[in-house]
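One line per chain: the protein sequences are D and U, in this order.
Counting from 315, one number per residue, gives the positions in the first sequence under the working numbering.
Counting from 29, one number per residue, gives the positions in the second sequence under the working numbering.
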Amino acid sequence: MSIKATLETVNRMQNDGVIDRYAIGGAVAATFYLEPMATLDVDIFVSLPHKAPGVLVSLSPIYEYLTSRGYRIEREYISVGDWPVQFLVPATPLELEAIAQARETDVEEVRTWVMTAEHLVAIALQTGRAKDHARIVQFLEQGAVNRDRLNEVLARFGLLRRWEQFERKYLAGSDE
Amino acid sequence: MSKPELRKHLASLSFAEKLKLLDKLRNRSLAIAASRAKLKLKLAGDGPSRPEQQR
Chain D
315 MSIKATLETV NRMQNDGVID RYAIGGAVAA TFYLEPMATL DVDIFVSLPH
365 KAPGVLVSLS PIYEYLTSRG YRIEREYISV GDWPVQFLVP ATPLELEAIA
415 QARETDVEEV RTWVMTAEHL VAIALQTGRA KDHARIVQFL EQGAVNRDRL
465 NEVLARFGLL RRWEQFERKY LAGSDE
Chain U
29 MSKPELRKHL ASLSFAEKLK LLDKLRNRSL AIAASRAKLK LKLAGDGPSR
79 PEQQR
């Protein structure tokens with residue numbers, strides 16, 4: 315089963331009211347803007363319906379929906395077809411905005427949403443693992459981010475100082 | 029085609045085409061991982077317990 319089929323399943327979950335908005339993040343989303351990069355899973359950031367303020371967020375409805383339809387749970391992933399999917403609720407205001415401002419696109423007539431390049435870079439900066447930094451460099455090298463919009467996102471979420479550190483460490487002497 | 033040109037070309041593909049490539053990349057990664065696992069099992073099977081090697 316392809317990623318397209320995985321997205322169809324996620325869309326069914328949305329139509330059935332199990333999830334509210336969603337946005338693809340991680341390497342699959344980065345592939346929207348860059349050349350395809352090998353990855354073994356799909357990160358789907360979801361906002362859940364009917365979430366009262368202060369109530370603990372639970373992914374149980376997603377797990378119940380999918381397991382009742384025969385999908386398997388493997389550690390933090392749910393195998394939807396061939397692809398392990400990690401459903402993530404936004405842990406930061408940045409991720410929340412990334413879902414809200416995700417770009418709508420389609421994959422052979424399957425409607426889906428992908429985080430903007432600027433949000434992906436900001437989230438990668440916030441996460442801060444070596445592979446995240448490498449991905450940021452890829453975005454910059456390929457001119458896939460709008461620097462003005464990126465600066466706005468970074469400023470909005472207090473990431474400018476971290477960005478300066480990143481630039482000093484990884485971009486010093488380059489054209490970026 | 030040079031490497032930067034190839035990267036540019038791949039980046040310019042439609043999302044649907046890129047996702048098909050991701051499917052292929054993942055299948056290849058899994059096949060490589062499976063063959064490595066098989067090789068490890070084979071090597072373990074052919075290991076110190078083989079009589080000719082114990083001699």
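Every residue gets a Cβ at the ideal spot worked out from N, C-alpha and C, and that includes glycine.
Just so we're clear, the structure is a prediction, and the values are computed from it rather than from any experiment.
When 7 angstroms is used as the limit between beta carbons, D74(U) is near no residue of chain D, the shortest such separation being about 29 angstroms.
Counting only the Cα atoms, W477(D) lies some 33 angstroms from S57(U).
L50, D51, L53, R54 and S57: these are the residues of the stretch 50 to 70 of chain U whose beta carbon lies less than 7 angstroms from some beta carbon of chain D, given in chain order.
DSSP, read as helix, strand or coil, puts P398(D) in strand.
With a threshold of 16 other beta carbon atoms within 10 Å, L67(U) falls short and is exposed. Looking at the backbone, the Cα of P363(D) and that of E378(D) are separated by about 15 angstroms. Under the Cβ criterion of 9 angstroms, K318(D) is counted among the residues facing chain U. For G340(D), the uninterrupted alpha helix (DSSP H) segment begins and ends at G340 to Y347. Around the beta carbon of T381(D), a 10 Å sphere encloses fewer than 16 other beta carbons of the protein chains shown; the residue is thus reported as exposed.
C-alpha of E422(D) to C-alpha of T323(D): approximately 15 angstroms in a straight line. Its chain contains M351 as the residues whose beta carbon lies nearer than 7 angstroms to that of T345(D), once the 5 sequence neighbours on both sides are disregarded; these appear in chain order. The C-beta of F401(D) comes no closer than 9 angstroms to any C-beta of chain U. Contact between the stretch 384 to 394 of chain D and the stretch 330 to 345 of chain D is absent: fewer than 3 CB-CB pairs across the two stretches fall below 8 angstroms.
Bounds of the alpha helix (DSSP H) holding I317(D) are I317 to N329. Residues of chain D with a Cβ closer than 8 angstroms to the Cβ of K31(U) do not exist; the shortest Cβ-Cβ separation is about 10 angstroms. The residue among N329(D), G395(D), E411(D) and F453(D) with its C-alpha nearest the C-alpha of L348(D) is F453(D). Contacts between L354(D) and chain U, judged by CB atoms closer than 7 angstroms, involve R54 and S57 in chain order. Counting only Cβ-Cβ distances below 7 angstroms, V421(D) has contacts in chain U at F43, A44 and L47, in chain order. Secondary-structure assignment with DSSP links W427(D) through a beta bridge to E418(D). Contact between the stretch 32 to 40 of chain U and the stretch 461 to 471 of chain D is not established, with fewer than three Cβ pairs separated by less than 8 angstroms. The distance from the Cβ of F471(D) to that of A436(D) is about 6 angstroms, consistent with a contact at the 8 angstroms cut-off.
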